[in-house]
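What follows is a set of notes on a single structure, which appears directly below.
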Amino acid sequence: MEEQENRLDREIFCCPICLDLLKDPVTTGCGHSYCKSCINTHWDNGDGRGSYSCPQCRQTFTPRPLLVKNTMLADLVEELKKTGLQTAPAGHCYAGPEDVACDVCTGRKLKALKSCLDCLASYCEKHLQPHLQSPPFKKHKLVEPSEKLQENICSRHDEVMKMFCRTDQQCICYLCSVEEHKDHDTVSAAAERTERQREVGLRRQTIQQRVQDREKDVKLLQQQEEAVNGSADEAVEDSEKIFTKLIRLLEKRSSDVKQQIRSQQETEVSLVRELQQRLEQEISELKRKDQDLKQLSDTEDHNQFLHNYPSLSPLSESTHSSSIRIRPLRTFEDVTAAVSQSQRPELTS
Numbered sequence: 001m002e003e004q005e006n007r008l009d010r011e012i013f014c015c016p017i018c019l020d021l022l023k024d025p026v027t028t029g030c031g032h033s034y035c036k037s038c039i040n041t042h043w044d045n046g047d048g049r050g051s052y053s054c055p056q057c058r059q060t061f062t063p064r065p066l067l068v069k070n071t072m073l074a075d076l077v078e079e080l081k082k083t084g085l086q087t088a089p090a091g092h093c094y095a096g097p098e099d100v101a102c103d104v105c106t107g108r109k110l111k112a113l114k115s116c117l118d119c120l121a122s123y124c125e126k127h128l129q130p131h132l133q134s135p136p137f138k139k140h141k142l143v144e145p146s147e148k149l150q151e152n153i154c155s156r157h158d159e160v161m162k163m164f165c166r167t168d169q170q171c172i173c174y175l176c177s178v179e180e181h182k183d184h185d186t187v188s189a190a191a192e193r194t195e196r197q198r199e200v201g202l203r204r205q206t207i208q209q210r211v212q213d214r215e216k217d218v219k220l221l222q223q224q225e226e227a228v229n230g231s232a233d234e235a236v237e238d239s240e241k242i243f244t245k246l247i248r249l250l251e252k253r254s255s256d257v258k259q260q261i262r263s264q265q266e267t268e269v270s271l272v273r274e275l276q277q278r279l280e281q282e283i284s285e286l287k288r289k290d291q292d293l294k295q296l297s298d299t300e301d302h303n304q305f306l307h308n309y310p311s312l313s314p315l316s317e318s319t320h321s322s323s324i325r326i327r328p329l330r331t332f333e334d335v336t337a338a339v340s341q342s343q344r345p346e347l348t349s
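Going by the UniProt record's numbering, 286 is the number at position 286 of the sequence shown; the sequence numbering is gapless.
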């Protein structure tokens, strides 16, 4: 219960911008309170169009409001400081060098929870709330935190690029589509994403089918290896039965025959394993490409998706199943037959 009360105190008496206890608190016309320095800095860094908005509810004020210190709130904050109230809620995670920082936080910034493709800004959990609660923001496209939001801005018109020129294969803004690209084949970035997403899906299906085919081929080669080894073992066994009758007279010949069989066995197995290795390498490549396509498919940012799409490497030529030849299982019987013929003169002499 006490923890809930402290959390409530923090929510009421902490500045929504710096997330610290209010310092020199002022209240805007919409009723939200901020540190005087925080709200002034926020407005000083605005778009310069003469209108000023509340960072929480986005109510606009024209001209810039004259901010007056909220003395009652300031007195309450001073009392809270005396009680030792923590200024930062537990679990707040500050942004590190590799993290995307919240664009609204001042001072030490918190790690961003989401980035907005419409606002082109990133927000921590606290500053994300208007997008989750306020109807005007609920239609905005939220994606995982990204440092590449500015890549969505047209360098010529300083507008968000929501169009795609199929003629020039590039993302453009609306003004580009009615000016230098007016006679080109243009569609919305979302529509182009939908079309290419479908192509990615088809390519993934092709890759997955090829993976299944190659896995079947590998299994077939494993069976072939077992058959070759079994045939070789059987040939060795039969040969040894014959050569035991010749004792020392045929010991050298027996050794030569076994060496011949093993050499042929090694050659056959080597060929099988070489082809098996090629197929396994192809499977690894296909799985890697499938993972790249999955990562591309999961990209929420249309422009980032379209930017990365042309960099996909084409699929390498497939090792067709017809190139895998299963040799007859009677591979070594010709050697056994020759041995049988050679023993007869020796045994009858």
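Even glycine gets a Cβ: it sits at the ideal position worked out from N, Cα and C.
**Request:** Count the other C-beta atoms from every protein chain shown that fall within 10 angstroms of the C-beta of G91, then say buried if there are 16 or more, exposed otherwise.
**Result:** Because G91 carries a pLDDT of 46, less than 50, the predicted location of this residue cannot be relied on, and the following value inherits that uncertainty. G91 counts as exposed, since fewer than 16 other beta carbons sit within 10 angstroms of its beta carbon.
**Meets three-Cβ-pair contact criterion under 8 Å: the stretch 300 to 315 and the stretch 180 to 199** = yes
**Prompt:** Using DSSP with H/G/I as helix, E/B as strand and the rest coil, what is F332?
**Reply:** coil
**Item:** Distance between V200 and R278 (C-alpha atoms, nearest Å)
**Value:** So the two alpha carbons sit approximately 26 Å from each other.
**Request:** Excluding the 5 residues preceding and the 5 following S53 in the sequence, name in chain order all residues of the same chain whose CB lies nearer than 6 Å to its CB.
**Result:** T60
**Prompt:** What are the partner residues of C165, as DSSP defines its beta bridges?
**Reply:** Q170, T186
**Request:** Compare the Cα-Cα distances from L122 to each of K148, K138, Q281, E251 and report the closest residue.
**Result:** First, the amino acid is wrong: residue 122 is Ser here, not Leu. Closest option to S122, Cα to Cα, is K148.
**One or two residues paired with K111 in a DSSP bridge** = A101
**Supposed contact pair C124 and A112 - C-beta distance, whole angstroms, cut 8 Å** = Here A112 really is in contact with C124; their C-beta atoms are around 6 Å apart, less than 8 Å.
**Message:** Do V143 and N152 count as a contact pair if the criterion is CB distance below 8 Å?
**Reply:** Taking 8 Å as the Cβ cut-off, N152 and V143 do not qualify as a contacting pair.
**Request:** In the DSSP assignment, find the unbroken beta strand (DSSP E) run with P130 in it and report its ends.
**Result:** Secondary structure note for P130: it is in no beta strand (DSSP E), and the uninterrupted alpha helix (DSSP H) holding it is 125 to 133.
**Asked** So, is Q86 buried or exposed, given that buried needs 16 or more other C-beta atoms within 10 angstroms?
**Response** Confidence is the limiting factor: at Q86 the pLDDT is only 44, short of 50, which leaves the residue's position unreliable and the question unanswerable from this model.
**Item:** Three-state secondary structure assigned by DSSP to S33
**Value:** Strand.
**Message:** What does DSSP give as the partner residue(s) for S155 in the beta ladder?
**Reply:** Answer is none; S155 lacks a bridge partner.
**Prompt:** Quick one: Cα of D185 to Cα of L275, how far?
**Reply:** 47 Å
**Three or more C-beta pairs below 8 Å linking the stretch 280 to 300 and the stretch 210 to 217** = yes
**Prompt:** T27 and S33: beta carbons closer than 8 Å?
**Reply:** yes
**Buried or exposed (CB count within 10 angstroms, at least 16 for buried), R193** = R193 comes out buried.
**Prompt:** Does the beta carbon of N70 come closer than 8 Å to any beta carbon on chain C?
**Reply:** Reference to chain C is not applicable here, since this structure consists of a single protein chain.
**Message:** Just verifying my parser: in three-state terms, what is the DSSP assignment at C119?
**Reply:** coil
**Asked** According to DSSP, is C15 helix, strand or coil?
**Response** DSSP places C15 outside both helix and strand once states are collapsed to three, so it counts as coil.
**Limits of the alpha helix (DSSP H) - the one that T71 falls within** = Where T71 is concerned, the enclosing alpha helix (DSSP H) stretches over 71 to 82.
**Message:** Any contact between the stretch 62 to 75 and the stretch 14 to 30? By contact I mean 3 or more CB pairs, one from each, below 8 Å.
**Reply:** yes
**Prompt:** Grouping DSSP H, G and I as helix and E and B as strand, with all else coil, what is A338?
**Reply:** helix
**Prompt:** Is it true that the CB of V100 sits closer than 8 Å to the CB of S115?
**Reply:** yes
**Message:** If distances are taken between C-alpha atoms only, which option among T106, G31, H131, L21 comes closest to E78?
**Reply:** L21
**Message:** Quick test of your reading: V228 and V257, contact by CB under 8 Å. State the CB separation rounded to the nearest angstrom.
**Reply:** About 17 Å separates the Cβ atoms of V228 and V257, ruling out a contact at the 8 Å cut-off.
**Message:** DSSP three-state label for S25, please.
**Reply:** The amino acid at residue 25 is misidentified as Ser; the sequence shows Pro. In the structure shown, P25 sits in a strand (DSSP, three-state: E or B).
**L120 and F13 closer than 8 Å at C-beta** = no
**Request:** For my contact list, L296 and R203 are in at a C-beta cut-off of 8 Å; report their separation, rounded to the angstrom.
**Result:** So it is not a contact: roughly 10 Å between Cβ atoms.
**Message:** Which residue marks the beginning of the alpha helix (DSSP H) containing S313, and which one marks its end?
**Reply:** Premise fails: S313 is in no alpha helix (DSSP H) and is neither H nor E.
**Request:** Report buried or exposed for E266, applying the criterion of at least 16 other Cβ atoms within 10 angstroms of its Cβ.
**Result:** Burial state of E266 is exposed, judged by a 10 Å Cβ sphere holding fewer than 16 other Cβ atoms.
**Item:** Neighbourhood of T29 by C-beta distance below 7 Å, restricted to the same chain and skipping five residues each side
**Value:** A quick correction: the sequence has Gly, not Thr, at residue 29. Result list for G29: F61, P65, in chain order.
**Request:** Could you work out which residue in V236, K252, L19, P314 is closest to Q264 when comparing CA atoms only?
**Result:** Comparing Cα positions, the closest option is V236.
**Asked** Roughly how many angstroms lie between the CA atoms of Q133 and L19, to the nearest whole one?
**Response** 19 Å
**Prompt:** Under the rule that 16 or more other beta-carbon atoms within 10 Å means buried, what is E268, buried or exposed?
**Reply:** buried
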